[in-house]
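J.:
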Amino acid sequence: MSFLPKFVSWEKVARIIDAGRHAPSCGNVQNWKFIVIFDPSQKQQVAEACFEQYEIAQAGVLIVVCAEPDKAERYYGLRGERLYSVQNCAAAIQNMLLEAHSLGLGTRWVGAFDEDAIKSQLAIPEEIRPQAIVAIGYAREIPPKPPKYPLEVIVYFHRWRNRLRDPAKYMNDIATILARKAAAMKEAAGDIAKSVVGKTKDKTSSVDDKKEEQEKYSDTP
Ligand SMILES: Cc1cc2nc3c(=O)[nH]c(=O)nc-3n(C[C@H](O)[C@H](O)[C@H](O)COP(=O)(O)O)c2cc1C
Numbered sequence: 001m002s003f004l005p006k007f008v009s010w011e012k013v014a015r016i017i018d019a020g021r022h023a024p025s026c027g028n029v030q031n032w033k034f035i036v037i038f039d040p041s042q043k044q045q046v047a048e049a050c051f052e053q054y055e056i057a058q059a060g061v062l063i064v065v066c067a068e069p070d071k072a073e074r075y076y077g078l079r080g081e082r083l084y085s086v087q088n089c090a091a092a093i094q095n096m097l098l099e100a101h102s103l104g105l106g107t108r109w110v111g112a113f114d115e116d117a118i119k120s121q122l123a124i125p126e127e128i129r130p131q132a133i134v135a136i137g138y139a140r141e142i143p144p145k146p147p148k149y150p151l152e153v154i155v156y157f158h159r160w161r162n163r164l165r166d167p168a169k170y171m172n173d174i175a176t177i178l179a180r181k182a183a184a185m186k187e188a189a190g191d192i193a194k195s196v197v198g199k200t201k202d203k204t205s206s207v208d209d210k211k212e213e214q215e216k217y218s219d220t221p
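Just so we're aligned, residue 1 is where the sequence shown starts under the numbering used here, counting upward by one.
1. Please name the residue in 69, 14, 62 whose C-alpha comes closest to that of residue 103.
2. So what's residue 130 in DSSP terms, helix, strand or just coil?
3. Between residue 110 and ligand 2, is there a pair consisting of the residue's CB and a ligand heavy atom that are separated by less than 7 Å?
4. Is residue 8 near residue 60, with beta carbons less than 8 Å apart?
5. How should residue 32 be labelled, buried or exposed, when 16 other C-beta atoms within 10 angstroms of its C-beta is the threshold for buried?
6. When we look at the beta-carbon of residue 95 and count the other beta-carbons within 10 Å, is it buried (16 or more) or exposed?
7. Per the DSSP calculation, residue 108 is bridged to which residue(s)?
8. Are there three or more Cβ pairs, one per stretch, closer than 8 Å when the segment 126-146 is compared with the segment 53-68?
9. Considering just the uninterrupted stretch of the alpha helix (DSSP H) at residue 86, what are its terminal residues?
10. Please report the distance separating the alpha-carbon of residue 87 from that of residue 177.
11. For residue 34 versus residue 17, is the C-beta distance shorter than 8 Å?
12. Is it buried or exposed, residue 217, if we count other Cβ atoms within 10 angstroms and call 16 or more buried?
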């Protein structure tokens, strides 16, 4: 996603972060903070720390989503610190992407950055971990949709590797099921029609044969 050098209003940014803060988090711990960057030279520096992904400096705003792993660790130990903190922030980020999209904005989720450089640039304390930088702005163009695995490849039923034999049926894909039923009924109707035509033909010919025979042996001229 590349961006037009266009201003994004604070009203929109606030709505996006509002969507982020409503995301689920382990025990509702909400162990996240959002650093909002509008300043062009700071955006440039951040872009450099993202291994020179300079396109994001064009975005109207950069939001650095930070986890506070200690807070989750207090309640959930190592799992809270290492896993839940990451998941909490990811849920917040995804909410933000969706809200931005619904406001007509484009986004880029940036995970590739030099963590130490970002931390020192933004005065982030030691115990806090920046998880991602969300670049938001007006899209220069709508990128083509990247290919995604179909459901039958990524869904297993009841145990690992147990793939679907009939994905449409399991996924309750009503349109496909109805289309199949309609095709089956059409075929059945075609068969019936064929056999009815065949029988009528047989009957008609036997009537004609009888008539001919009667005429042959009839006394009346
Ligand atoms: C954890 C994570 C890190 C990512 N890091 C970057 C990144 O550093 N730079 C970038 O351009 N895109 C990054 N992306 C975006 C992915 O490249 C993108 O989501 C993927 O290509 C699929 O495209 P889609 O989101 O349009 O479906 C990241 C996405 C995730 C989830």
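Even glycine gets a Cβ: it sits at the ideal position worked out from N, Cα and C.
T.: From the atom records:
1. By alpha-carbon distance to residue 103, the top candidate from 69, 14, 62 is 14.
2. The answer is strand: DSSP assigns residue 130 an E or B state.
3. Among the ligands in the structure shown, ligand 2 does not appear; only ligand 1 can be found there.
4. Yes; because the gap between Cβ atoms is below 8 Å, this pair is in contact.
5. Residue 32 should be labelled buried.
6. It is buried - the Cβ of residue 95 has at least 16 other Cβ atoms within 10 Å.
7. Among the bridge pairs identified by DSSP, residue 108 is matched with 135.
8. Taking 8 Å as the limit for Cβ pairs, the verdict is that the segment 53-68 does touch the segment 126-146.
9. 85-102 is the extent of the alpha helix (DSSP H) around residue 86.
10. Roughly 36 Å between the two C-alpha positions.
11. The Cβ atoms of residue 34 and residue 17 sit closer than 8 Å to each other.
12. Model confidence at residue 217 stands at a pLDDT of 39, short of 50, so the residue's coordinates are unreliable; what they give is reported in the following sentence. Burial call: exposed.
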